[in-house]
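Here the structure is laid out as structure tokens; the discussion comes afterwards.
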Amino acid sequence: MAVLSRHYELSQSSEGNRLRNFTVCNYCYCLQQRLRGEIHSEIEKLHIRKKNLINLILFQKYIQHYYPESDSTVVIKSKAKNGIDPEKIRQMQDFLGLKVTGKLDASTLDAIKKPRCGIVDIGEYNTFPASPKWAKKELTYSVLNYTPDMESRYVDYAIEKAWKVWSDVTPLTFTRVYRKPADIEISFVNTHGDGFPFDGPGGNLAHAFSPAFGGNAHFDEDEFWAKDLKGTNLFLVAAHEFGHSLGLQHSSDLGALMFPIYQPMDPKALRLHPDDIAGIQSLYGAPDNNILLGKTPAAPTEIPSTEPCHPDQAFDAVTSLRGETMFFKDSFFWRKNPLRSAIEKDPISAFWPVLSTGIDAVYENRDKDVVFLFKGKKYWSSRGNIIEPGYPRNIQSLGFPHTIKNVDAAACDSNSKKTYFFSGYHYWRYDNEKNSMEQGYPRKIIADFHNIHSKVDAAFIDNGHFYLFSGPKQYEFDSATKRFLGIKKSNSWLGCQ
Numbered sequence: 180m181a182v183l184s185r186h187y188e189l190s191q192s193s194e195g196n197r198l199r200n201f202t203v204c205n206y207c208y209c210l211q212q213r214l215r216g217e218i219h220s221e222i223e224k225l226h227i228r229k230k231n232l233i234n235l236i237l238f239q240k241y242i243q244h245y246y247p248e249s250d251s252t253v254v255i256k257s258k259a260k261n262g263i264d265p266e267k268i269r270q271m272q273d274f275l276g277l278k279v280t281g282k283l284d285a286s287t288l289d290a291i292k293k294p295r296c297g298i299v300d301i302g303e304y305n306t307f308p309a310s311p312k313w314a315k316k317e318l319t320y321s322v323l324n325y326t327p328d329m330e331s332r333y334v335d336y337a338i339e340k341a342w343k344v345w346s347d348v349t350p351l352t353f354t355r356v357y358r359k360p361a362d363i364e365i366s367f368v369n370t371h372g373d374g375f376p377f378d379g380p381g382g383n384l385a386h387a388f389s390p391a392f393g394g395n396a397h398f399d400e401d402e403f404w405a406k407d408l409k410g411t412n413l414f415l416v417a418a419h420e421f422g423h424s425l426g427l428q429h430s431s432d433l434g435a436l437m438f439p440i441y442q443p444m445d446p447k448a449l450r451l452h453p454d455d456i457a458g459i460q461s462l463y464g465a466p467d468n469n470i471l472l473g474k475t476p477a478a479p480t481e482i483p484s485t486e487p488c489h490p491d492q493a494f495d496a497v498t499s500l501r502g503e504t505m506f507f508k509d510s511f512f513w514r515k516n517p518l519r520s521a522i523e524k525d526p527i528s529a530f531w532p533v534l535s536t537g538i539d540a541v542y543e544n545r546d547k548d549v550v551f552l553f554k555g556k557k558y559w560s561s562r563g564n565i566i567e568p569g570y571p572r573n574i575q576s577l578g579f580p581h582t583i584k585n586v587d588a589a590a591c592d593s594n595s596k597k598t599y600f601f602s603g604y605h606y607w608r609y610d611n612e613k614n615s616m617e618q619g620y621p622r623k624i625i626a627d628f629h630n631i632h633s634k635v636d637a638a639f640i641d642n643g644h645f646y647l648f649s650g651p652k653q654y655e656f657d658s659a660t661k662r663f664l665g666i667k668k669s670n671s672w673l674g675c676q
């Protein structure tokens, strides 16, 4: 009995221990869950505080940039706990057509994150002692460069159409110039040193100066510019910015073109709001009834995109330029740099605005560090991308007969100091040192360059090899002996198979 009693006591003790252990474990688990919940709650609070801090900083920057204090502003302020003057919030909300609460609410935060013009809504730009305006009615503009996002012809069209928005309701005219100084310069830039930096994609899209400061318009190159709504529509933004170039400030009317926030819409549906018209006509008056409205810019014709590795790819011209090789086609050229693997594509007009498309021939004279570009009966000399004074000149000044209407291809041999010109089924040789055509030319191409039986589209000499391009094929010759070396695809230079 004593043994049984002892066994019973031990079993009861073990059961008690198990109960105590279970109670302790359960307590620990509950404590762990509670702590985990509290930690999660604290993390959530930290995230919220961080988000609120970011929004606060963003709003402060927005207010400082777009709603700056004027010199006459009274210094006494009633600031909220977050350090922002509620009056500034109300001012911004009122201007942008928001519910005026004086608080940094959701709709206000949403508004400051929308893409917009970089010009202030109030402040110095709007407080000139007299309304800024141009003193003349015939204004000129120039396009200094192009965005790689769009073909140059679509950029030109958008800009021309944007100017017409304003010329239709005023006596002003806008003419593009290429070589002489323009009243208004247009450019696509990143960091550009005018004291008004851009902020990357979104946010500040563009800005333009008033007539008092030259009227120049800058477009943020970090944006993706487009002719439609697949990106930021260039026409819509340009029409707005040109309003600033002419002297208009921002409008608080949500339907006005001069409203500061970018409002995507069908470009064809754009119509000036009465507020825009009243503003611009207060500066320049209504259009002269005796003058017909300017001609509507013709929309560029859609053409298939040109890809370098298309099996039938041909080139208009090929040349070297300061170590790079350039392949021209229509309004673009591809650049092959020996130090980079990627092939770059650029609009011709980004380098040579006077030659936006249709180049017939190009060659580099390395001894003079110049490149010559041919189009029709004219040719230009360019040092880098700067056209030299005295150009264009007529190709007859090189010694061509008047029967030659254009040069199909050209190539310069640095070793022999000779330049070869191809036109039709003949070629000429030019002495670079004597600056004259050599006697005994023209000669038939087939007589000296065997195996090529068609016209030459482009020509190029590199490392003792003479390349003649005809359609999608390139014919390789020894530049000294003219010995035929083989045929390849024209685009094999661009890594195409």
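For the sequence shown, this note's numbering gives the first residue as 180, with consecutive numbering after it.
Note that CB positions come from ideal geometry on N, CA and C, so glycine has one too.
Straight across, the Cα-Cα distance linking L425 with I291 is about 26 Å.
Of all alpha-carbon atoms in G464, A418 and F600, the one lying nearest the alpha-carbon of I624 is that of F600.
In summary, P360 is exposed, with fewer than 16 beta-carbon neighbours lying within 10 Å of its beta-carbon over all protein chains present.
Looking at the backbone, the Cα of I640 and that of D592 are separated by about 6 Å.
Less than 8 Å separates the beta-carbon of H629 from that of F663. The C-beta distance from A435 to D407 rounds to 23 Å, too long to meet the 8 Å contact threshold. DSSP places F628 outside both helix and strand once states are collapsed to three, so it counts as coil.
Between P294 and the set H386, F506 and Y604, the nearest pair of CA atoms involves H386. Note: I640 is bridge-paired with F645 in the DSSP secondary-structure output.
Setting aside the 5 residues that flank it on each side, Y620 is surrounded in the same chain by W607 and R608, each with a C-beta closer than 6 Å to its C-beta; the list follows chain order. When the Cα atoms are used, V416 and N594 turn out to be separated by approximately 52 Å.
When the Cα atoms are used, A589 and P327 turn out to be separated by approximately 28 Å.
With fewer than 16 other Cβ atoms inside 10 Å of its own Cβ, D378 counts as exposed. For K515, the enclosing beta strand (DSSP E) begins and ends at F511 to K515. When only Cα atoms are considered, L451 and T370 end up about 32 Å apart. With fewer than 16 neighbouring CB atoms inside 10 Å of its own CB, V356 falls in the exposed class. Setting aside the 5 residues that flank it on each side, L534 is surrounded in the same chain by I527, S528, L552, K554 and W559, each with a C-beta closer than 8 Å to its C-beta; the list follows chain order. Given a length threshold of 3 residues, each whole run of the beta strand (DSSP E) inside the stretch 355–431 is given here in chain order: 363–368, 383–387 and 396–399. DSSP, read as helix, strand or coil, puts A659 in coil. Shortest Cα-Cα distance from L673 to any of P443, F645, K584 and Q653 involves Q653. Here S321 has V356, A361 and E364 as same chain residues with Cβ atoms under 6 Å from its own Cβ, once five neighbours each way along the sequence are excluded.
By the neighbour-count criterion, in which 16 or more other beta carbons inside 10 Å mark a residue as buried, T504 falls on the buried side. About 6 Å separates the beta carbons of W345 and F421, which is inside the 8 Å limit, making them a contact pair. Nearest C-alpha to N573 among I583, K556, R562 and I565: K556. Fewer than three pairs of CB atoms, one per stretch, sit closer than 8 Å, so the stretch 277–288 makes no contact with the stretch 325–343. Closest option to K409, judged by alpha-carbon separation, among P446, D432 and N670: P446.
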